[in-house]
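I have placed the structure first, in the form of structure tokens, so that the comments after it can refer back to it.
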Amino acid sequence: MITRSRPRPRRSAGVLAGTLAAAALALAGCGGEAPTVTFDVGGASLTAAPTQFCDTSLQNCQDAPNARVTAQVPPGTEVRITVPEEVSSAPWQVAYAFTRGTDPTPVQQRSAIAAPDTRTDFTLSLPEPGDRLVTAQVQVFGAPPSIDPESTDIQFPVRATWVLVGEQG
């Protein structure tokens, strides 16, 4: 399970917890096959199955690390990501990593969290024209966040992920 930590907000944690709980209930009705996500890279459309997919209680998870998709992503290429209703009905975001210049160490960033039922797509543009995409990962959140008692950071459980690996030509 991937978690995300943030400083503990005083007023918004209850609102976020309620939103995530409602989204978890909405996803509880989803059955059958796990949804797919589409990554459009330079005119090529890639359909990705989840690399991780859990039930709403985060108890029954299926891992398929080889479900990731790969594509040549030249510097400056935008990646348009489209998610189905099963994903957009819950809070979701895009976590991504890229390299800059001659430094091989990936820089990791995240998009803003999309609230339930507010958007079905996201266009990933890296900060500088020469940046090279390493990975882009759609993350849909699961159960309500919890607070780490030691650090007081909010832990955001990720229920499912879809991954694009960028290759340099």
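Counting with mature numbering (1 follows the signal peptide of the UniProt record, and there is no 0), you get residues -28 to -1, 1 to 141 for the letters of the sequence shown.
Cβ coordinates follow ideal geometry from the N, Cα and C atoms, glycine included.
Can you tell me whether DSSP reads V59 as helix, strand or coil?
What you label residue 59 is simply residue 87 of the sequence shown in a count that begins at 1. If DSSP states are grouped into helix, strand and coil, V59 belongs with the helices.
Going by beta carbon distance, what residues of the same chain come within less than 8 Å of Q111, once the five residues before and after it are set aside?
Along the sequence shown, one-based indexing puts residue 111 at 139. Only I(-27), W64, Q65, V66, A67, V130, A132, T133 meet the Cβ criterion.
Just the C-alpha distance for residue 201 and E139, rounded to the nearest angstrom, thanks.
For the chain, the structure presents residues -28 to 141; residue 201 sits outside this window and is missing.
Grab the span of the beta strand (DSSP E) containing residue 160 for me, first residue to last.
The question about residue 160 has no answer, for the chain in this structure spans -28 to 141.
Pairs of beta-carbons, one from the region 68 to 87 and one from the region 13 to 30, closer than 8 Å: are there three or more?
no
Candidates V106, D35, G114: closest to A43 by CA position:
The sequence position of residue 43 within the sequence shown is 71, counting from 1. Closest option to A43, Cα to Cα, is V106.
Throw me the rounded Cβ distance for the F11 and V59 pair, which I believe falls under 8 Å.
The residue given as residue 11 occupies position 39 in the sequence shown. The residue given as residue 59 occupies position 87 in the sequence shown. Incorrect: roughly 13 Å between the Cβ atoms, too far for contact.
Name the DSSP beta bridge partners of E139, please?
Residue numbering aside, residue 139 sits at position 167 when the sequence shown is read from its first letter. E139 pairs with Q44.
Give the single residue among Q24, T23, A36, V51 whose Cα lies nearest to the Cα of G14.
In the sequence shown, counting from the first residue as 1, residue 14 sits at position 42. The candidate whose alpha carbon is nearest that of G14 is V51.
Should R82 be labelled buried (16 or more other beta-carbon atoms within 10 Å of its own) or exposed?
Numbered from its first residue, the sequence shown carries residue 82 at position 110. The residue in question, R82, is exposed, as its Cβ has fewer than 16 Cβ neighbours within 10 Å.
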